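To keep things clear, I will list the structure first and then write my remarks on it.
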Amino acid sequence: MPDQQSDGSAPAGVEFSESFVEADGFRIRYRQAGSGEVLICLHGGGGLRISRAHELLAHSRRLIAFEIPGFGQSPVNDRSASMEELAGTMNAAVAALGIDHYSIMGNSFGSKVALWMAILRPQVVKAVVVVGPAAIRLPRQGPPPGQLAPERAAELLYAHPERQPPIPPLAPEIVAKQIALSTRLLGPPRDEPFEARLRELQMPVLALFGTHDRVTPPAGAHLFREILPNCHLVMVYDAAHGIDADRPEAVAALVEDFLSRGDGFLVRRRSGLIYP
Amino acid sequence: MKAALFCTTRYDGPASHSVWPAPGDTYDAQWAERSMQTTLERFRLADEVGFDWVTVAEHHFAPFSMTPNPMVMAAALTNVVKRAKVAILGPDIPILDPVRVAEEIAMVDTLTQGRVVAGLMRGSVNEYVTYNTNPSESRERFEESLQLIKMAWSEKQPFGWQGRYYEYRTISIWPRPVQEPHPPIYISTASPESGEFAARLHLGAGFAFTTVQIASQAAKYYRDQCRLNGWEPSAENIIYRLAMHVAPTDEQAIEEMGAAGGGLPSVGLSFRNRAVESAVATSGYYGRDIETQRARLQSRGALMERIDKGQVLVGAPDTVLGQIKRIREILGAGILDMVVASQLGDKATRAIELFGTKVLPRMQEL
Chain A
1 MPDQQSDGSA PAGVEFSESF VEADGFRIRY RQAGSGEVLI CLHGGGGLRI SRAHELLAHS
61 RRLIAFEIPG FGQSPVNDRS ASMEELAGTM NAAVAALGID HYSIMGNSFG SKVALWMAIL
121 RPQVVKAVVV VGPAAIRLPR QGPPPGQLAP ERAAELLYAH PERQPPIPPL APEIVAKQIA
181 LSTRLLGPPR DEPFEARLRE LQMPVLALFG THDRVTPPAG AHLFREILPN CHLVMVYDAA
241 HGIDADRPEA VAALVEDFLS RGDGFLVRRR SGLIYP
Chain B
1001 MKAALFCTTR YDGPASHSVW PAPGDTYDAQ WAERSMQTTL ERFRLADEVG FDWVTVAEHH
1061 FAPFSMTPNP MVMAAALTNV VKRAKVAILG PDIPILDPVR VAEEIAMVDT LTQGRVVAGL
1121 MRGSVNEYVT YNTNPSESRE RFEESLQLIK MAWSEKQPFG WQGRYYEYRT ISIWPRPVQE
1181 PHPPIYISTA SPESGEFAAR LHLGAGFAFT TVQIASQAAK YYRDQCRLNG WEPSAENIIY
1241 RLAMHVAPTD EQAIEEMGAA GGGLPSVGLS FRNRAVESAV ATSGYYGRDI ETQRARLQSR
1301 GALMERIDKG QVLVGAPDTV LGQIKRIREI LGAGILDMVV ASQLGDKATR AIELFGTKVL
1361 PRMQEL
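So the sequences go chain by chain: A and B. The numbering used here puts the first residue of the first sequence at 1, with every later residue one more than the last. The numbering used here puts the first residue of the second sequence at 1001, with every later residue one more than the last.
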């Protein structure tokens, strides 16, 4: 990991390339940067977007962010019948890239895909990070922002929308397509067969909740610790649903520490020495 | 309306009160022990005569107050004050470890079987020198720390915290507070930023050693902000702290209080070190209305002026009740947090008894 500057910023920028991989009859777009241990990133209901947190993480590992079939530019996906099947497709995409050992980070909708991927291939998935996870929800929680109109979505995504770079809005037909797909596949707030499989996951899971998130609020965090055998909860202060956009340096440092040390990340490594 | 007795645990021996930090070369342990026993006895008396709360606060490096850790003092009251609430008003959270504060308050809440009131303070300017904290970070630290403390009290699973100023990998405090979801929280709402924050987070409001006019403007702002956030604060959500001295006659009370220098130090602790005060003033500590906030802490006038402005309650019991009614009308505070002039010795102790027996029953009907 390169030395972080005192304001948490990373050294010079990182370039994300764009490529495609075939898996399960889908032509899947992905963006990639960095080298080393692989981190697979799965976006939320709003589609693939590279954040500053991704850029920071790509300084110390090989980061691959997929565009899940049916999102963004990809054609409508009415073939994936379930989250489990979709996760199988994403695992196949990773295997098609020749990768046999990886961690996964999933945001919101993507958190459930990530956890299913780990359920299906526990021998190759080293650790999972779920960010603002929609995988297990309190009853009567609002729908994830991917299912909302863009203006309302921005309010829910960011604690500090004024700090976000301007993002060109998605075409309405893409928004509609994404909403339809995530609504069809996400599943109920409490998904018993899914949770039964989660109880068997042994690899470490890090679950991040933004303190200001009204979509997947911290009040629901305890469910992850109660169901997953090896789960660490971390609240990210002053972040809404788009945690990695609101607090990129804080997220990247934490995720990097967790991915490189697993459960050992509980023990402080950063120096407290002020002067020699 | 409720009454609280606030004791700073003043060092009653000879000491210089005009410089901060105060050197320890004339410190006498016996005087310190006696002063602490006097405080414990006054709190016990307050409990006996019916005060609703007893209050402790945090100050450092000065004979003015020997409770740098108010939670330690509050815990010492567990078996001294058996009925009244124990109000910790309170730890200066930006200079402290939030998890430690959460743990200590939970300990006191458990020891007192659910009688704690938690005032989470930002700290006055000199307090930032105490543990070498940057005062320009004061407000951000305060807001983050308070939210972390609340979560440490209420979240039942171990959790980490990835903040700006505070970072923990796993927190799960034992004991937890007795009160659900946690003890009532008050913050000082002198500044507009604080009023907004208190309104957003449903916290109670406190005003200390200000004038009733200044406090009522800030209280109105706080109430307006609460309404904007969808709730209506009650009188009990507002604490007003001031000095008190009651004697059998008005003349006696005024003469005694005058001899004690009006019961309030002539300037706040921060202003006894000009270098500190001016460095802090340029640090961004004060917020949007810097001149008002600085003026609020600067020198206070003569005794009669202070009575008029609602900064002190002085007189015979009936007179003091009238002063209280006026404060109630103008400000609408539900709790008066009163500090006696410790340097008056037995007369201060008598004031507590007189207040409790002659003023309090009628005040509680207001």
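Glycine residues also receive a C-beta, built at the ideal position from the N, C-alpha and C atoms. Since the structure is predicted, the reported quantities are computational estimates derived from the model, not experimental observations.
Under the assumption that residue i contacts residue j (Cβ atoms under 8 Å), give the Cβ distance between them as a whole number of angstroms.
| i | j | result |
| --- | --- | --- |
| TYR237 of chain A | THR216 of chain A | Not confirmed; about 16 Å, so no contact. |
| GLN1293 of chain B | SER1191 of chain B | 6 Å |
| ILE1187 of chain B | ALA1198 of chain B | 5 Å |
| VAL251 of chain A | ASP244 of chain A | 5 Å |
| ASN91 of chain A | MET117 of chain A | 5 Å |
| ALA1351 of chain B | ALA1247 of chain B | 7 Å |
| GLU1196 of chain B | GLN1162 of chain B | Between GLN1162 of chain B and GLU1196 of chain B the Cβ distance is about 25 Å, and since that is not below 8 Å, they are no contact. |
| ALA93 of chain A | PHE66 of chain A | 6 Å |
| GLY132 of chain A | ASP213 of chain A | 6 Å |
| TYR1128 of chain B | ILE1173 of chain B | With a Cβ gap of about 26 Å, TYR1128 of chain B and ILE1173 of chain B do not count as contacting. |
By Cβ distance, which residues of its chain are closer than 8 Å to residue i, with the 5 residues on each side in sequence left out?
| i | result |
| --- | --- |
| PRO1361 of chain B | GLY1050 |
| PRO218 of chain A | PHE209, GLY210, THR211 and MET235 |
| PRO1184 of chain B | VAL1117, ALA1118 and GLY1204 |
| ALA1219 of chain B | THR1189, ALA1205, PHE1207, ILE1238, LEU1331, GLY1332 and ALA1333 |
| GLY34 of chain A | VAL14, LEU57, ALA58, HIS59, SER60, ARG61, ARG62 and LEU63 |
According to the neighbour-count rule (16 or more other Cβ atoms, all chains shown, within 10 Å of its Cβ), is residue i buried or exposed?
| i | result |
| --- | --- |
| ILE64 of chain A | buried |
| THR1067 of chain B | buried |
| HIS1245 of chain B | buried |
| ALA1003 of chain B | buried |
| THR1282 of chain B | exposed |
| LYS1156 of chain B | exposed |
| ASP263 of chain A | exposed |
| GLN178 of chain A | buried |
| PRO69 of chain A | buried |
| ARG1122 of chain B | buried |
| PRO193 of chain A | exposed |
| LEU1313 of chain B | buried |
Would you kindly work out how many angstroms separate the C-alpha atoms of residue i and residue j, rounded to a whole number?
| i | j | result |
| --- | --- | --- |
| ASP1052 of chain B | ALA240 of chain A | 41 Å |
| ALA207 of chain A | HIS43 of chain A | 15 Å |
| MET83 of chain A | VAL113 of chain A | 6 Å |
| GLU1167 of chain B | CYS231 of chain A | 18 Å |
| HIS101 of chain A | LYS126 of chain A | 7 Å |
| PHE71 of chain A | LEU48 of chain A | 8 Å |
| SER1299 of chain B | ARG1115 of chain B | Because the pLDDT of SER1299 of chain B is 49, which lies under 50, any placement of that residue in the model is unreliable, and the number read from its coordinates should be weighed accordingly. Roughly 35 Å separates the two Cα atoms. |
| ILE227 of chain A | GLY36 of chain A | 31 Å |
| MET955 of chain B | MET1257 of chain B | The structure shown does not extend to residue 955 of chain B, since chain B is modelled only from 1001 through 1366, so no value can be given for it. |
| PHE265 of chain A | GLU1143 of chain B | 26 Å |
| VAL267 of chain A | SER260 of chain A | 13 Å |
| GLU1193 of chain B | GLN1323 of chain B | 30 Å |
| GLN202 of chain A | VAL124 of chain A | 12 Å |
| VAL1340 of chain B | LEU1005 of chain B | 8 Å |
| ALA1348 of chain B | SER1342 of chain B | 6 Å |
| VAL130 of chain A | LEU157 of chain A | 16 Å |
| ALA1260 of chain B | LEU1344 of chain B | 7 Å |
If you drop the 5 nearest sequence neighbours on each side, which residues of the same chain put their C-beta closer than 6 Å to that of residue i?
| i | result |
| --- | --- |
| THR1319 of chain B | ASP1250 |
| ALA1316 of chain B | THR1249 and ASP1250 |
| GLN1208 of chain B | According to the sequence as given, residue 1208 of chain B is Ala; it is not Gln. Counting only Cβ-Cβ distances below 6 Å, and skipping sequence neighbours, we find ARG1241. |
| LYS1085 of chain B | TRP1053, ARG1115 and VAL1117 |
| PRO1135 of chain B | TYR1128, VAL1280, SER1283 and TYR1285 |
| PHE1355 of chain B | VAL1246 |
Going by CA-CA distance only, name the one from the options that's closest to residue i.
| i | options | result |
| --- | --- | --- |
| ALA221 of chain A | A:ALA135, A:ARG79 and A:GLN73 | A:ALA135 |
| LEU1148 of chain B | B:ILE1093, B:VAL1212 and B:CYS1226 | B:ILE1093 |
| THR1008 of chain B | B:LYS1220, B:GLU1058, B:VAL1019 and B:PHE1142 | B:GLU1058 |
| ARG269 of chain A | A:LEU181, A:LEU254 and A:VAL129 | A:LEU254 |
| PHE1159 of chain B | B:TRP1153, B:LYS1150, B:THR1170 and B:TYR1165 | B:THR1170 |
| PRO1021 of chain B | B:GLU1048, B:PRO1063, B:ARG1010 and B:THR1039 | B:PRO1063 |
| LEU97 of chain A | A:PRO169, A:SER182 and A:GLN32 | A:GLN32 |
| THR1055 of chain B | B:MET1073, B:THR1130, B:GLU1048 and B:TYR1286 | B:MET1073 |
| SER1124 of chain B | B:ILE1330, B:GLU1103, B:LEU1089 and B:GLN1217 | B:LEU1089 |
| ARG1288 of chain B | B:ASP1308, B:SER1278 and B:ARG1139 | B:ARG1139 |
| ALA196 of chain A | A:SER182, A:ALA176 and A:PRO229 | A:PRO229 |
| PHE1061 of chain B | B:ALA1087, B:ASP1025, B:LEU1040 and B:VAL1081 | B:ASP1025 |
| SER1018 of chain B | B:LEU1321, B:PHE1355, B:VAL1212 and B:ARG1274 | B:ARG1274 |
| VAL128 of chain A | A:PHE109, A:PRO204 and A:GLY110 | A:PRO204 |
| VAL1099 of chain B | B:SER1065, B:SER1278, B:LEU1201 and B:TYR1165 | B:TYR1165 |
Who are the Cβ neighbours of residue i in its own chain at under 7 Å, not counting the five residues just before and after it?
| i | result |
| --- | --- |
| PRO1175 of chain B | ALA1106, MET1107 and THR1110 |
| SER1154 of chain B | PRO1181 and HIS1182 |
| THR1357 of chain B | VAL1049 |
Is residue i a contact residue of the ligand FMN, with contact defined as CB to any heavy atom under 8 Å?
| i | result |
| --- | --- |
| ALA1218 of chain B | This structure lacks the ligand FMN; in fact it carries no ligand of any kind. |
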